[in-house]
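Enquirer:
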Amino acid sequence: MIPASFEYVRADSVDGLLGALTEHGDEAKILAGGMSLIPLMKFRLAVPSVLVDAGRLDDLRYIRDGGDHVAIGALTRHRDLETNDLLGAECGVVRAVAAEVGDNQVRHRGTIGGSVAHGDSASDLPAVLLALDADFVIRGASGERVVAAADFFTGYFETVIAPDELLTEVRVPKSGPAGFSYQKFNRRAQDWAIVGSVAVRVGDSTRVGLVNMGPTPLRARGVEMALAEGASATDAAGAAAEGTEASADINATAEYRGHLARVLTRRALEAMV
Amino acid sequence: MLPSCSTPQAPSRERVTRDREFRRRTRFWNSQTDVTFTERSEQRGSEPKKIACTETASVRAEVTCQDAAMQIAMLVNGVGQSHDVEARTLLVQYLRESCTLTGTKVGCDTSSCGACTVLVDGESVKSCTMFAAQADGADVTTVEGLADGPNWHAIQTAFHEQHGLKCGYCTAGMMMAAVGFLAENPNPTDRDVRLGLEGNLCRCTGYQNIVASVLAAADSMKLGSMKLGSMEADSMETGQ
Ligand SMILES: Cc1cc2nc3c(=O)[nH]c(=O)nc-3n(C[C@H](O)[C@H](O)[C@H](O)COP(=O)(O)OP(=O)(O)OC[C@H]3O[C@@H](n4cnc5c(N)ncnc54)[C@H](O)[C@@H]3O)c2cc1C
Ligand code: FES
Ligand code: FES
Chain A
1 MIPASFEYVR ADSVDGLLGA LTEHGDEAKI LAGGMSLIPL MKFRLAVPSV
51 LVDAGRLDDL RYIRDGGDHV AIGALTRHRD LETNDLLGAE CGVVRAVAAE
101 VGDNQVRHRG TIGGSVAHGD SASDLPAVLL ALDADFVIRG ASGERVVAAA
151 DFFTGYFETV IAPDELLTEV RVPKSGPAGF SYQKFNRRAQ DWAIVGSVAV
201 RVGDSTRVGL VNMGPTPLRA RGVEMALAEG ASATDAAGAA AEGTEASADI
251 NATAEYRGHL ARVLTRRALE AMV
Chain B
1 MLPSCSTPQA PSRERVTRDR EFRRRTRFWN SQTDVTFTER SEQRGSEPKK
51 IACTETASVR AEVTCQDAAM QIAMLVNGVG QSHDVEARTL LVQYLRESCT
101 LTGTKVGCDT SSCGACTVLV DGESVKSCTM FAAQADGADV TTVEGLADGP
151 NWHAIQTAFH EQHGLKCGYC TAGMMMAAVG FLAENPNPTD RDVRLGLEGN
201 LCRCTGYQNI VASVLAAADS MKLGSMKLGS MEADSMETGQ
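If you're matching them up, the sequences are chains A and B in order.
Position 250, counted from 1, in the first sequence is what my numbering calls 250; the numbers after and before it change by one each time, with no gaps.
Position 178, counted from 1, in the second sequence is what my numbering calls 178; the numbers after and before it change by one each time, with no gaps.
1. With a Cβ-Cβ cutoff of 7 Å, do Ala271 (chain A) and Ser181 (chain A) count as a contact?
2. Please determine whether the Cβ atom of Tyr169 (chain B) lies at a distance below 6 Å from any heavy atom of ligand 3.
3. Can you list, in chain order, the stretches of the alpha helix (DSSP H) that have 4 or more residues and sit fully within the segment 90-116 of chain A?
4. Assess, as a yes-or-no matter, whether the segment 51-66 of chain A is touched by the segment 26-43 of chain A under the definition of 3 or more beta carbon pairs within less than 8 Å.
5. Beta strand (DSSP E) containing Tyr182 (chain A): first to last residue?
6. Using a Cβ cut-off of 7 Å (strictly closer), state whether Thr129 (chain B) contacts chain A.
7. Can Met174 (chain B) and Ile210 (chain B) be called in contact, C-beta distance under 7 Å?
8. Would you list the residues whose beta-carbon is nearer than 6 Å to any heavy atom of ligand 2, in the order they occur in the chain?
9. Is there a Cβ of chain A sitting closer than 7 Å to that of Lys105 (chain B), yes or no?
10. Any beta carbon of chain A sitting closer than 7 Å to that of Glu123 (chain B)?
11. Which residue from A:Asp85, A:Pro163, A:Asp135 and A:Glu144 puts its Cα closest to that of Asp151 (chain A)?
12. Expressed to the nearest angstrom, what Euclidean distance is found between the alpha-carbon atoms of Arg44 (chain A) and Gly203 (chain A)?
13. Would you kindly work out how many angstroms separate the C-alpha atoms of Gly110 (chain A) and Arg77 (chain A), rounded to a whole number?
14. Closer than 6 Å by C-beta to Gly224 (chain B): which residues in its own chain qualify, once you throw out the five before and the five after it? Chain order, please.
15. Looking at the C-beta of Ile138 (chain A), does it have a partner C-beta in chain B at a distance below 7 Å?
16. Using only the alpha-carbon positions, how far apart do Leu146 (chain B) and Ala73 (chain B) sit?
17. Could you tell me which of B:Val106, B:Gly103, B:Gly180 and B:Thr141 sits nearest to Ala217 (chain B), measuring between CA atoms?
18. List the residues of chain A that Thr244 (chain B) touches, going by C-beta distances under 9 Å, in chain order.
19. Please report the distance separating the alpha-carbon of Ala133 (chain B) from that of Glu7 (chain A).
20. Taking contact to mean 3 or more Cβ pairs, one atom from each stretch, closer than 8 Å, check whether the segment 137-156 of chain B and the segment 192-202 of chain B are in contact.
21. Let me make sure I understand the geometry here. Which of B:Arg191, B:Asp192 and B:Tyr169 has the alpha-carbon closest to that of Cys113 (chain B)?
22. What are the residues of the segment 90-123 of chain A that lie near chain B, defined by any Cβ-Cβ distance shorter than 8 Å?
23. Is there a C-beta anywhere in chain B that falls below 7 Å from the one on Ala189 (chain A)?
24. Check the Cβ-Cβ distances between Lys222 (chain B) and every residue of chain A, and say whether any is below 7 Å.
25. Measure from the alpha carbon of Arg107 (chain A) to the alpha carbon of each residue in A:Ser36, A:Leu132, A:Gly143 and A:Ile63, then state which is nearest.
26. Under DSSP, the alpha helix (DSSP H) around Lys166 (chain B) begins and ends at which residues?
27. Taking Cβ-Cβ distances shorter than 8 Å, what residues in chain B pair up with Met35 (chain A)?
28. Within its chain, find whatever has a CB closer than 6 Å to the CB of Asn251 (chain A); leave out the 5 residues flanking it on each side and keep chain order.
29. Would you say Gln71 (chain B) lies against chain A (beta-carbon separation less than 7 Å)?
30. Secondary structure at Glu169 (chain A), three-state DSSP: helix, strand or coil?
31. Any idea what DSSP makes of Ala183 (chain B), helix, strand or coil?
32. Taking 7 Å as the CB-CB limit, is Gly55 (chain A) close to chain B?
33. Give me, in chain order, the residues of the same chain whose beta-carbon lies closer than 8 Å to that of Leu101 (chain B); leave out the 5 immediate sequence neighbours on both sides.
34. Would you check if the distance between the CB atom of Val147 (chain A) and the CB atom of Val160 (chain A) is smaller than 7 Å?
35. Do Glu169 (chain A) and Gly119 (chain A) have their CB atoms nearer than 7 Å?
36. What residue range does the beta strand (DSSP E) around Asp15 (chain A) cover?
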């Protein structure tokens, strides 16, 4: 399948990229790893007239110690995340979950920025970043803003990033090398989660993030509250589907997704060490 | 002769799989998500608006015209290739049609099967999900680049000896994924191999012999580098 014609612009600097976005408005789309965008273009579900390739912005491909957080450039690939020792030591859960994305070929190309900006609630990393209260740095022609994960995902494939803006960095608060578990349920290898649940300990509290339980990644607040009040893993996990808006599709009914959320959350809480 | 079969002539067009059930099964047609995207593309009309092509030096970005051919160049199996292509040309199309290297196969054409796997700068990628323009300037290896003259690559010998193929359609992609994987994991376990090749589907073999082939290749590659190492040590001792 061949995508519709488009004009190809290769950005060689962040300013150049922002200039091209300003010039072409919402006719333009940013191309990062292409692992979500190219399949959509092949199905002609996305028909951008201008494709601005950010793939060579190596300045945005880094993993750095930022003091209380780890700073990850938006163009950092999943493969970089899953093999990075700093990330393993300071945010072990992000490194481990990156290794669960797709397959080797997908992880060689796909980026953390693309995963986040795509706004797919079935993606693995957004729920983890939400659970960790990560911050997202967004740059536009008029400057830079920092948006908290809780305010970032606004709906199905929708985020607060405007068409003329670029996500440049993800700041992940340090959560340590251990004390987490990600339970991803799918039926084919390399596939997206039908439902996923991540539990991670941050200081004295336990955070729980849910994948594919609604239009956006979600926090299982009911579970977190029950745990804070001393509930057992089994009892707390009973609240995992509360307040979620799971959809039904070929893989699962909404009820079955609710069941999976409870089971996977219990497993994640029990496995978390 | 390579152990994988290759079609004598590249098909003039990409295979177009438009089975509805198949599309529904892909992530992109799940639930309400397709509404958003279909609406968006409907708003724009089925054909993208043409935009005048202007060189904008001020934005310091390299601009290439829509529809017009752009020139790309890359090393493919050590040989310089340079062609005029449309921006929307996929890497697999470029390799098969412009470079006439038809060893790389198109299976699903939807990023799922791995039949189109090649190495770009040493890393395995699905060439049906990458534009040729993204590989401009890269070092690409396809199945045709594995053998060294008449000498097969260790992975080819292993697939041959361990019966790692039946129809052979997945084999080029399987071997390229395996070579990329072994470069990153020279000492894999059976489970590592299965996880490492999860992006590649085989409809014939049941995977057992593919895993055996990759493990055998890992052993022979280690043996090869040990031999090389000891030869180097010998020549250092003898001063040769
Ligand atoms: C076979 C297969 C299996 C997969 N399995 C999984 C899985 O199990 N779990 C999972 O989470 N994901 C999965 N993915 C998707 C993968 O994670 C992608 O890497 C990710 O969704 C998108 O990242 P990308 O860099 O490829 O972005 P692209 O596809 O290039 O872009 C995606 C979208 O984000 C926008 N964008 C990209 N970067 C930026 C930026 N810096 N600023 C603003 N906008 C930006 C683009 O314009 C586009 O709209 C899979 C993909 C494939 C092909
Ligand atoms: S043809 Fe590329 S993954 Fe199937
Ligand atoms: S040998 Fe036939 S598909 Fe693998």
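Glycine included, every Cβ here is placed at the ideal spot set by N, Cα and C.
Expert: With the given structure in hand:
1. yes
2. yes
3. 92-98 and 104-109
4. yes
5. Phe180 to Phe185
6. yes
7. yes
8. B:Val106, B:Gly107, B:Cys108, B:Asp109, B:Ser111, B:Ser112, B:Cys113, B:Gly114, B:Ala115, B:Cys116, B:Lys126 and B:Cys128
9. no
10. yes
11. A:Asp135
12. 46 Å
13. 5 Å
14. none
15. no
16. 21 Å
17. B:Gly180
18. Here chain B comprises residues numbered 1 to 240, so residue 244 (chain B) is not present and cannot be evaluated.
19. 11 Å
20. no
21. B:Tyr169
22. Gly102, Asp103, Asn104, Gln105, Val106, His108, Arg109, Asp120 and Ala122
23. yes
24. no
25. A:Ser36
26. Per DSSP, Lys166 (chain B) belongs to no alpha helix (DSSP H) and is neither H nor E.
27. Ser111 and Thr129
28. Ile194
29. no
30. strand
31. helix
32. yes
33. Val76, Asn77, Leu95, Thr142 and Glu144
34. yes
35. no
36. Unbroken run through Asp15 (chain A) is the alpha helix (DSSP H), Val14 to His24; no beta strand (DSSP E).
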